[in-house]
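Residue numbers (UniProt numbering): 1 to 109.
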């Protein structure tokens, strides 16, 4: 969970502790992207205040959001793999170049 990016003072709600509650975004598979309010204190010391900001997403929206997340993760994984492969090719090229330079220099002297 993280703070909701669209935080505004008009969305603040007071919890039972008498202070402004946290405004967070769910990152779970079941409720992706849903914002909610929560007491800022840890569960054992706080008042337990917790409330969704909005109505629940339709099931098709949840499926679509999770599909997009999986696609994004796959693209990031692919990009990272390409970066690693690129680094290996670059290292091999530099080793080869070093070998050639060393070979040429050894014949010059």
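Built from N, CA and C at the ideal position, the CB exists for glycine as well. Computed from a predicted structure; not experimentally measured.
Spatially closest choice to residue i from the options, by CA coordinates
{"i": "residue 60", "options": "12, 31 and 25", "result": "31"}
{"i": "residue 26", "options": "19, 36 and 20", "result": "36"}
{"i": "residue 112", "options": "72, 68, 28 and 24", "result": "This structure gives no information on residue 112, because the portion of the chain shown stretches from 1 to 109."}
{"i": "residue 43", "options": "71, 22, 106 and 98", "result": "22"}
{"i": "residue 39", "options": "97, 64 and 13", "result": "13"}
{"i": "residue 29", "options": "104, 62, 76 and 82", "result": "62"}
Terminal residues of the beta strand (DSSP E) in which residue i lies
{"i": "residue 15", "result": "Counting along the chain, residue 15 falls outside any beta strand (DSSP E), and DSSP gives it neither H nor E."}
{"i": "residue 120", "result": "The chain is shown only over 1 to 109; residue 120 falls outside these bounds and no answer can be derived."}
{"i": "residue 51", "result": "50-52"}
{"i": "residue 23", "result": "22-25"}
Close beta carbons around residue i, own chain, < 6 Å, minus the five adjacent residues each side
{"i": "residue 16", "result": "47 and 49"}
{"i": "residue 51", "result": "37"}
7 Å CB neighbourhood of residue i in its chain, flanking five on each side removed
{"i": "residue 57", "result": "34"}
{"i": "residue 41", "result": "17"}
Beta-carbon proximity list for residue i, same chain, < 8 Å, skipping 5 on both sides
{"i": "residue 102", "result": "none"}
Short CB-CB distance (under 8 Å) between residue i and chain C
{"i": "residue 57", "result": "Chain labels in this structure do not include chain C; a single protein chain is all it has."}
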